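To start, the structure under review is shown below, and the notes come after it.
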Amino acid sequence: MALRDKIRGRRFVILGEFEPPKGMDFSTLLKHAGQVRGRVDAIVIPEMANAVMKASSLAGCAVFQGQGIETVLQACCRDRNRLALQADLLGAAALGVTNVMAVAGEEVTFGDHPQARAVNDLDLLELLSAINKLGKGKDMAGIELRGAPDFLVGSTVDSSATGGLLELELERLEQRRDQGVEFVVTRPVFDLHQFQQFLKRVDTEKTAVIPTVLLLKSAGMARYIDRNVKGIHVPADMIKAIQKAPDKPRECMRVASETIRRLRDMGMPGVLVSTLGWEDRLPQILDHI
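Just remember that the working numbering sits 918 ahead of the position in the sequence shown, which is counted from 1.
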């Protein structure tokens, strides 16, 4: 069953996030993807996450789709103008990519080419509007297309927003729905109580909210996120469990598996599992959900 059918039917889906290589060799990623074939519903290919130069999301989707693995293309406002974005979307559709996730993209100053110039010709809502128009058979200039793409469209949502920022995020979410967004992926979720407070404000019948489960690699990483990443709280008992564990990587995987189980038990429509280069650990995480 295709990802779109599972999301629309609110069947629990598992998305794996596989970072493209900094180079042209996808062989290791393909090997890891083969180990979870049939266990993940699609693989999300980030578009230069954290503004670090890597092979493109479109290239990654083409490689995986060629092996019969369903993918989710990321279309990023940061790096391309409206011409290039539309061209990539049409090219992806021609290659059999049927899922797209629109993202704003992190600031280029965070990446390995800080001297690069961000494009941002379109903002996120404008990009979603462009995808919507392509699906109706016209480009942004109103010119008829020879064949229109039929995408399952996703985007992002800041589930850690509070106060006035939360009200603004909810308004933006409604605008994204109006442009055809059917699922949104959250920031990493560790504190499920905090996440439940966000869910109380969202109509999850209208949009599938898919939380991100980030695989921690150490107690130090967990403490750093808790102290330095605004809005994301890592519970103290989670940090202590990793710190005290004799096999810390195994404990990190256990934490990820448990988080997935608890989110599934909460009735969430799925999760995005982000392993940050530890794609070889994904099978072990899935073994215990």
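Glycine is no exception: its CB is placed at the ideal position from the N, C-alpha and C atoms. A quick note: this is a predicted structure, and the numbers were derived from the prediction, not measured.
What do you reckon, are the CB atoms on residue i and residue j nearer than 9 Å?
{"i": "S1192", "j": "P1106", "result": "yes"}
{"i": "D1077", "j": "F1116", "result": "This sequence places Ser at residue 1077; Asp is not what is there. Against a cut-off of 9 Å, the Cβ pair of F1116 and S1077 comes out as a contact."}
{"i": "V998", "j": "D1006", "result": "For the sequence presented, residue 998 should be read as Arg rather than Val. Their beta carbons are under 9 Å apart, which means R998 touches D1006 by this criterion."}
{"i": "A969", "j": "V1026", "result": "yes"}
{"i": "G978", "j": "F1028", "result": "no"}
{"i": "R922", "j": "T1016", "result": "yes"}
{"i": "Q1004", "j": "A1048", "result": "yes"}
{"i": "L1110", "j": "M1171", "result": "no"}
{"i": "P1067", "j": "A1011", "result": "yes"}
{"i": "F944", "j": "R1182", "result": "no"}
{"i": "V1152", "j": "R1168", "result": "no"}
{"i": "K1208", "j": "M971", "result": "Only positions 919 to 1207 of the chain appear in this structure, which leaves residue 1208 out of reach."}
{"i": "V981", "j": "L1204", "result": "no"}
To the nearest angstrom, report how far apart residue i and residue j are at their CA atoms.
{"i": "V1103", "j": "G1149", "result": "16 Å"}
{"i": "P938", "j": "T989", "result": "12 Å"}
{"i": "D1144", "j": "L1133", "result": "14 Å"}
{"i": "V1075", "j": "T1130", "result": "11 Å"}
{"i": "G1009", "j": "G1065", "result": "11 Å"}
{"i": "Q983", "j": "A960", "result": "10 Å"}
{"i": "V1173", "j": "L1091", "result": "29 Å"}
{"i": "D1039", "j": "L1045", "result": "9 Å"}
{"i": "T1080", "j": "E1062", "result": "42 Å"}
{"i": "G1053", "j": "A1034", "result": "32 Å"}
{"i": "N1190", "j": "A1022", "result": "Per the sequence presented here, residue 1190 reads as Leu, with Asn not at that position. Looking at the two C-alpha atoms, the distance is approximately 18 Å."}
{"i": "G1014", "j": "N1146", "result": "40 Å"}
{"i": "L976", "j": "G986", "result": "15 Å"}
{"i": "P1032", "j": "W1196", "result": "26 Å"}
{"i": "I925", "j": "L1042", "result": "22 Å"}
{"i": "G1082", "j": "L948", "result": "43 Å"}
{"i": "R1000", "j": "H1206", "result": "43 Å"}
{"i": "M1186", "j": "M1139", "result": "26 Å"}
{"i": "T946", "j": "A967", "result": "19 Å"}
If contacts are defined as beta-carbon pairs under 8 Å, then residue i and residue j qualify, I think. What distance do you get, rounded to the angstrom?
{"i": "E1100", "j": "V1127", "result": "With 8 Å as the limit, E1100 and V1127 do not qualify as a contact, their Cβ atoms being about 11 Å apart."}
{"i": "I963", "j": "G1188", "result": "Contact flag wrong, Cβ pair sits at about 17 Å."}
{"i": "M1019", "j": "A973", "result": "Not quite, the Cβ-Cβ distance comes to about 17 Å (not below 8 Å), so this is no contact."}
{"i": "K1251", "j": "S1136", "result": "Because the chain here runs from 919 to 1207, residue 1251 falls outside it and cannot be looked at."}
{"i": "Q1097", "j": "N1050", "result": "5 Å"}
How about residue i: is its C-beta nearer than 9 Å to some C-beta of chain C?
{"i": "R1168", "result": "Of the protein chains in this structure there is only one, and it is not chain C."}
Got a sec: does the ligand SAM put a non-hydrogen atom nearer than 8 Å to the Cβ of residue i?
{"i": "G1072", "result": "Judged by which ligands are present, the structure shown has none, so any question about the ligand SAM falls away."}
Three-pair Cβ contact test at 8 Å for the region 1116-1123 versus the region 1154-1161: no
Cβ contact (3+ pairs, closer than 8 Å) linking the region 937-954 and the region 1187-1207: yes
Three-pair Cβ contact test at 8 Å for the region 1084-1094 versus the region 1057-1065: no
Ranges of the alpha helix (DSSP H) found wholly within the region 1099-1180, counting only runs of at least 4: 1110-1117, 1137-1146 and 1154-1162
Complete runs of the beta strand (DSSP E) confined to the region 990-1021 [at least 3 residues]: 1017-1021
Complete runs of the beta strand (DSSP E) confined to the region 922-975 [at least 3 residues]: 931-935 and 960-963
Ranges of the beta strand (DSSP E) found wholly within the region 1043-1078, counting only runs of at least 3: 1070-1074
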